[in-house]
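K.L.:
So that we are looking at the same thing, I have put the structure below in C-alpha cells.
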Amino acid sequence: MFPSLSARHSLFLKLAAAILIALLADQIFMNTNPGSTLGAFAAAGTVLVLLARAPTLRLRPVLAAAALALVYAAALFDDPGPLAWALGWLALSIAVLAVRHRPANALGWIPPLLVHALAGPFRPLRDLIALIRLRRRRRGAGAFRLVTTLALPVIGGLLFLALFTIANPVIETGLRTVRLPGPQHFIFIAMALCAAWPLLRPWAFRLRIAPGTAPAFDMPSASLASVLLALATFNAIFAIQNGLDIAFLWSGAPLPGKVTLADYAHRGAYSLIATALIAGVLSLWMLRPGSAVAADGRARALLVLWVIQNLLLVASSMLRTIDYVQAFSLTELRISALLWMLLVGIGLVLICWTILRGRSVGWLVNANVATAGLLLTGACFVDLSAVAAHWNVSHAREAGGNGPSVDICYLARLDDAAVVPLIRLEQRAGRAGFRAEVAGQRVISLANLERNQRDWRTWTWRNARRLARARAMLGPDPAPVAPRAACVDWLDESRVAPAPARNPNLPPQPAQPVPPPQPGVTPAPAATAAARPGAADLREAAPPADRPLTQGPRQ
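Under numbering that gives the first Met the number 0, the sequence shown has 290 at position 291, and the numbering climbs by one with no breaks.
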C-alpha cells in the first residue's frame with residue numbers, strides 16, 4: 000500500500016503532524032473549557048495539515064478553502080463557539096477533499112462530506128490493518144534483527160538505571176517526581192488522532208458511473224392544468240393571510256373578539272416561516288428543467304406572484320417577532336430567528352431572479368449556499384448574547400427607556416456577555432433597591448470574567464476587551480459591593496469567586512454582643528433571597544405573559 004520511498008516519507012510526515020495535533024489537543028483541552036486557545040489550535044492544525052499535504056497547495060480550490068478555514072480560526076481566537084468550529088472543520092475538509100472532487104454545484108459536496116464525516120474516524124484502523132499486512136510479508140529476518148538490536152540497550156539501560164537509583168538518592172527522588180499521564184490522557188490522544196488522521200489521509204470517495212449506465216430517475220410531475228390550478232389556489236389562500244396581516248399587523252386595526260396582538264404576533268412567527276420554506280421547495284420542484292412551469296408563461300407568472308406573496312409573509316413574520324421583542328425582551332433565539340427569516344427572504348428573492356432571468360437550478364443552489372455562508376460567517380464574529388443584553392438594557396423601563404422591564408435572571412445567564420450591560424444598567428437605574436440588586440449580580444459576573452481571564456487556557460481576546468471596558472466604566476476605585484445573585488435558583492456556587500481569605504496574622508475579633516430588644520419594637524425578620532431589596536419592585540414591574548402589545552398605526 001505504501002510502495003515508494005516518497006510515499007513512505009509522506010506517510011511519516013502525516014503521522015508526525017497527526018501526533019503533534021493530538022498532543023496539542025491534550026495540552027489545551029483536557030479537563031478545561033477552551034478559550035482563545037481553541038482558535039490557536041485550529042490555526043496550528045490547519046497549517047500542519049497543509050504542510051503535510053504541501054503538493055496539493057498548487058490547486059486554487061484548496062488554497063481558497065484553506066484560507067477560509069484560517070478565517071474561522073480567527074473567529075475562534077476572538078471567541079470560541081460551535082458555529083465557527085463547525086464551519087472551520089467544513090472548510091478544512093473541503094480543502095482536503097478538493098484534490099479529488101470538483102462538483103458542479105454545492106449539492107455535489109454532500110456525498111463526499113458525508114463519507115468523510117462518517118467513515119473518516121475509521122480511516123486510522125484501515126491504514127493500521129494495511130500496514131500490519133505489509134509488515135507481515137517482510138517479517139522474519141527483519142523482525143529478529145530488530146529484537147536483537149534493541150535487546151542489549153534496553154535491558155542494559157534498565158539494569159544500570161535501577162542500580163544508580165539504589166545508589167544515588169538524587170536520582171531516586173527525581174524518578175519519584177515523574178508523573179506519568181493517566182489512562183484518560185491516552186484515550187483522549189487516541190480520539191484526537193482518529194479525528195486528525197482523516198484530514199491528512201481522507202477516505203477516497205468517487206462516484207463512478209459508466210456512460211449510459213446511470214440509473215433513470217424522474218421526479219414526480221404534474222400536468223400543466225394541475226400546476227395552474229394549484230398555483231391559483233395557493234395565491235388565493237396566501238392573499239387571505241397577507242390581507243389579514245396588512246389589516247391587523249401593519250395598520251394596527253383592532254382585532255376581533257378577545258384576540259390580542261400578542262397572540263396574533265407570537266403564534267404565527269415561526270409557523271409562517273415553515274410555510275414559506277415549503278413554498279420555496281415547491282417552487283424549486285415546479286421550476287425544474289423540463290417541467291410545465293418552465294415552458295408555460297402563465298404558470299411562470301403565477302409562480303412569481305406566489306413567491307412575492309411568500310416574501311410578504313416572511314416580512315410579516317419578521318414584524319411579528321420585532322413586535323414581540325419590543326413588548327417583552329430580546330434573546331439570542333429571537334435574533335437567530337430574525338436572521339433565519341432574513342435568509343429565507345433572500346432565498347425567495349433568488350428564486351424570483353432565477354425565474355425572471357432564466358438561471359439554472361445549479362446557479363440558484365450555489366447562490367443560496369453563498370448567501371448562507373456569508374451570513375453564518377458574519378455571525379461567527381458577532382456576540383449575539385451581548386447584542387441582546389445591550390438592547391434589553393438600553394430599552395429597560397428601570398433605566399429610563401420606553402421598553403419592558405429588564406430580566407435580571409436572563410442577564411445573569413448570559414454571564415460574561417452581560418458584564419458591560421449590567422454596569423450600564425447599574426449606572427442608569429433609578430431606584431436604590433433595584434440598583435443594589437443589579438450591582439450584586441454585576442459583582443458575580445465580573446468576578447467570573449476576571450477568573451476566566453487569569454487562566455491562559457480560558458482567556459479570550461473578546462473577554463479581554465470586555466474586561467478592559469468594564470474596568471474603565473467602573474473607574475479606578477469602585478465602591479465595594481457585596482455579591483448577590485439575582486436568581487438564586489440559577490446560581491452555581493462553584494462559579495462565584497470566593498471571598499478573600501482572612502489574614503492569619505491579625506488577632507481574632509471578639510464576638511459582638513446582640514443588643515436586647517427594645518420594649519414596643521418588633522424585631523425585623525431576617526432578609527431572604529426572595530425578599531431582598533428591589534425584588535418586589537422588579538416583580539411588580541415585570542410585564543405579564545398575556546400583556547397585549549401596543550397597537551397603533553405603523554408610522
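From the three backbone atoms N, C-alpha and C, an ideal C-beta is built for every residue, glycine too.
Quick caveat: nothing in here was measured; it's all calculated off a predicted structure.
Contact check, Gln240 vs Leu302 under 8 Å by CB: the rounded distance?
P.N.:
As a working note, residue 240 is residue 241 in the sequence shown. As a working note, residue 302 is residue 303 in the sequence shown. Actually they are not in contact, since the Cβ atoms of Gln240 and Leu302 sit about 18 Å apart, beyond 8 Å.
K.L.:
What span of residues does the alpha helix (DSSP H) with Leu425 cover, start to end?
P.N.:
Against the sequence shown, residue 425 aligns to sequence position 426. Per the sequence shown, residue 425 should be read as Glu rather than Leu. Segment Val418 to Arg427, the alpha helix (DSSP H) holding Glu425.
K.L.:
Determine whether the beta carbon atoms of Phe11 and Ile27 lie at a separation below 9 Å.
P.N.:
Against the sequence shown, residue 11 aligns to sequence position 12. Against the sequence shown, residue 27 aligns to sequence position 28. Their beta carbons are not under 9 Å apart, which means Phe11 does not touch Ile27 by this criterion.
K.L.:
Using 8 Å for Cβ pairs, my map puts Ala326 next to Pro403. What's the rounded Cβ distance?
P.N.:
Position 327 of the sequence shown, counted from the first residue, corresponds to residue 326. Position 404 of the sequence shown, counted from the first residue, corresponds to residue 403. Between Pro403 and Ala326 the Cβ distance is about 6 Å, and since that is below 8 Å, they are a contact.
K.L.:
Assign Pro54 to buried or exposed, taking buried as 16 or more other Cβ atoms, counted over all protein chains shown, within 10 Å of its Cβ.
P.N.:
By one-based count along the sequence shown, residue 54 stands at place 55. The residue is exposed, with fewer than 16 neighbouring Cβ atoms inside 10 Å.
K.L.:
Take the Cβ of Phe185 as the centre, count every other Cβ of all protein chains shown within 10 Å, and call the residue buried at 16 or more, exposed below.
P.N.:
As a position in the sequence shown, residue 185 is number 186, starting the count at 1. Exposed.
K.L.:
Under 7 Å Cβ to Cβ from Ser393, same chain only, skipping five residues before and after it: list those, please.
P.N.:
Taking the first residue of the sequence shown as position 1, residue 393 is located at position 394. Correct list, in chain order: Gly400.
K.L.:
Note down, in chain order, each residue of its chain lying with its Cβ closer than 7 Å to the Cβ of Ala387, except the 5 sequence neighbours on either side.
P.N.:
Looking up residue 387 in the sequence shown gives position 388. Closer than 7 Å at the Cβ level, and outside the excluded window around Ala387, lie Leu329, Thr330, Glu331 and Ile334.
K.L.:
Would you report the Cα separation of Leu127 and Leu49, rounded to the nearest angstrom?
P.N.:
Looking up residue 127 in the sequence shown gives position 128. Looking up residue 49 in the sequence shown gives position 50. Taking the straight line joining both Cα atoms gives about 23 Å.
K.L.:
Going by C-alpha distance, which of Leu151, Gly119 and Ala66 is nearest Ala94?
P.N.:
Along the sequence shown, read from residue 1 onward, the residue named residue 94 stands at position 95. Comparing Cα positions, the closest option is Ala66.
K.L.:
Report the option in Ala478, Leu424, Leu248 and Ala378 whose CA atom is closest to the CA atom of Pro79.
P.N.:
Walking along the sequence shown from the start, residue 79 turns up at place 80. When only C-alpha atoms are compared, the closest one is Ala378.
K.L.:
Alpha helix (DSSP H) containing Ile93: first to last residue?
P.N.:
Position 94 of the sequence shown, counting from 1, holds the residue named residue 93. Pro81 to Leu96 is the span of the alpha helix (DSSP H), which, as asked, contains Ile93.
K.L.:
From Glu492 to Arg122, what does the alpha carbon distance come to, in whole angstroms?
P.N.:
The residue given as residue 492 occupies position 493 in the sequence shown. The residue given as residue 122 occupies position 123 in the sequence shown. Because Glu492 sits at a pLDDT of 43, beneath the cut-off of 50, its placement in the model cannot be relied upon, and the following sentence gives the value as read from the coordinates. Those two C-alpha atoms are separated by around 44 Å.
K.L.:
What is the DSSP secondary structure of Lys13, counted as helix, strand or coil?
P.N.:
Position 14 of the sequence shown, counted from the start, is the residue given in the question as residue 13. It is helical.
K.L.:
I'd like to know whether the C-beta atoms of Leu445 and Val418 end up nearer to each other than 9 Å.
P.N.:
Locating residue 445 in the sequence shown gives position 446, where the first residue counts as 1. Locating residue 418 in the sequence shown gives position 419, where the first residue counts as 1. It is a contact, given that the beta carbons lie within the stated cut-off.
K.L.:
For Leu342, which residues in the same chain have their Cβ closer than 8 Å to its Cβ, ignoring the five residues on either side in sequence?
P.N.:
One-based indexing of the sequence shown puts residue 342 at position 343. If we look at Leu342 and ignore the five residues flanking it on each side, its Cβ neighbours are Thr370, Ala371 and Leu374.
K.L.:
Report, in whole angstroms, the separation of the C-beta atoms of Trp339 and Phe237, which I expect to be a contact under 8 Å.
P.N.:
Counting from 1 along the sequence shown, the entry for residue 339 is found at position 340. Counting from 1 along the sequence shown, the entry for residue 237 is found at position 238. The Cβ separation is near 20 Å, so there is no contact.
K.L.:
Exposed or buried, which one is Gly156 when buried takes at least 16 other CB atoms within 10 Å?
P.N.:
Indexing the sequence shown from 1 puts residue 156 at position 157. Burial call: exposed.
K.L.:
With DSSP run on the structure shown, which of helix, strand or coil describes Val177?
P.N.:
In the sequence shown, the residue the question calls residue 177 occupies position 178. Val177: coil per DSSP, three-state reduction.
K.L.:
Work out the CA separation of Val61 and Ala83 for me, nearest whole Å.
P.N.:
Translated into the one-based positions of the sequence shown, residue 83 becomes position 84. Translated into the one-based positions of the sequence shown, residue 61 becomes position 62. Roughly 19 Å between the two C-alpha positions.
K.L.:
For the alpha helix (DSSP H) that contains Ala43, what are its first and last residues?
P.N.:
Position 44 of the sequence shown, counted from the first residue, corresponds to residue 43. Here the alpha helix (DSSP H) through Ala43 covers Thr36 to Ala51.
K.L.:
What is the rounded straight-line gap between the Cα of Gly439 and the Cα of Leu421?
P.N.:
Counting from one through the sequence shown, the residue named residue 439 turns up at place 440. Counting from one through the sequence shown, the residue named residue 421 turns up at place 422. Approximately 10 Å between the Cα atoms of the pair.
K.L.:
Please state the DSSP three-state secondary structure of Ala166.
P.N.:
Here the question's residue 166 lines up with position 167 in the sequence shown. Of the three classes helix, strand and coil, the one that applies to Ala166 here is helix, per DSSP.
K.L.:
Return the CA-CA distance between Ala21 and Arg99, expressed in angstroms with no decimal places.
P.N.:
On the sequence shown, position 22 is the one that residue 21 refers to. On the sequence shown, position 100 is the one that residue 99 refers to. For Ala21 and Arg99, the distance between alpha carbons rounds to 26 Å.
K.L.:
For Asp406, count neighbouring Cβ atoms within 10 angstroms of its own Cβ and tell me buried if that reaches 16, exposed if not.
P.N.:
Locating residue 406 in the sequence shown gives position 407, counting from the first residue. Counting Cβ neighbours within 10 Å, Asp406 comes out buried, since at least 16 surround it.
K.L.:
Report the three-state DSSP secondary structure of Asp322 (helix, strand or coil).
P.N.:
The residue labelled residue 322 in the question sits at position 323 within the sequence shown. The answer is helix: DSSP assigns Asp322 an H, G or I state.
K.L.:
From this set, Ala42, Arg319, Val258 and Arg483, which residue's C-alpha is nearest Gly432's C-alpha?
P.N.:
Here residue 432 refers to the residue found at position 433 of the sequence shown. Closest by alpha carbon: Arg483.
K.L.:
Checking 9 Å against the spacing of the C-beta atoms, do Leu86 and Tyr71 come in under that value?
P.N.:
In the sequence shown, residue 86 corresponds to position 87, counting from 1. In the sequence shown, residue 71 corresponds to position 72, counting from 1. In this structure, Tyr71 lies closer than 9 Å to Leu86 by Cβ.
K.L.:
Can you look up Arg558 in the DSSP assignment and give me helix, strand or coil?
P.N.:
Outside the displayed span of the chain (0 to 554) sits residue 558, for which this structure offers no information.
K.L.:
Assign Lys13 to one of two classes, buried (16 or more other C-beta atoms within 10 Å of its C-beta) or exposed (fewer than that).
P.N.:
Here residue 13 corresponds to residue number 14 of the sequence shown, with the count starting at 1. Answer is buried; the Cβ neighbour count reaches 16.
K.L.:
Could you compute how far the alpha carbon of Thr527 sits from the alpha carbon of Glu397?
P.N.:
Here residue 527 corresponds to residue number 528 of the sequence shown, with the count starting at 1. Here residue 397 corresponds to residue number 398 of the sequence shown, with the count starting at 1. A caution first: Thr527 carries a pLDDT of 36, below 50, which makes its placement in the model unreliable, though a value can still be read off. Answer to the nearest angstrom: the Cα atoms are 23 Å apart.
K.L.:
Would you mind working out which of Val177, Phe380, Leu448 and Leu228 sits nearest Ala411, comparing C-alpha positions?
P.N.:
The count along the sequence shown starts at 1 and reaches residue 411 at position 412. Taking only the C-alpha atoms, the option nearest Ala411 is Leu448.
K.L.:
Can you find the residues in the same chain that come closer than 8 Å, C-beta to C-beta, to Arg297, ignoring five residues on each side of it along the sequence?
P.N.:
Mapped onto the sequence shown, residue 297 falls at position 298. Closer than 8 Å at the Cβ level, and outside the excluded window around Arg297, lie Leu227.
K.L.:
For Leu349, count neighbouring Cβ atoms within 10 angstroms of its own Cβ and tell me buried if that reaches 16, exposed if not.
P.N.:
For the purposes of this step, residue 349 is taken as residue 350 along the sequence shown, with counting starting at 1. Per the 10 Å Cβ criterion, buried.
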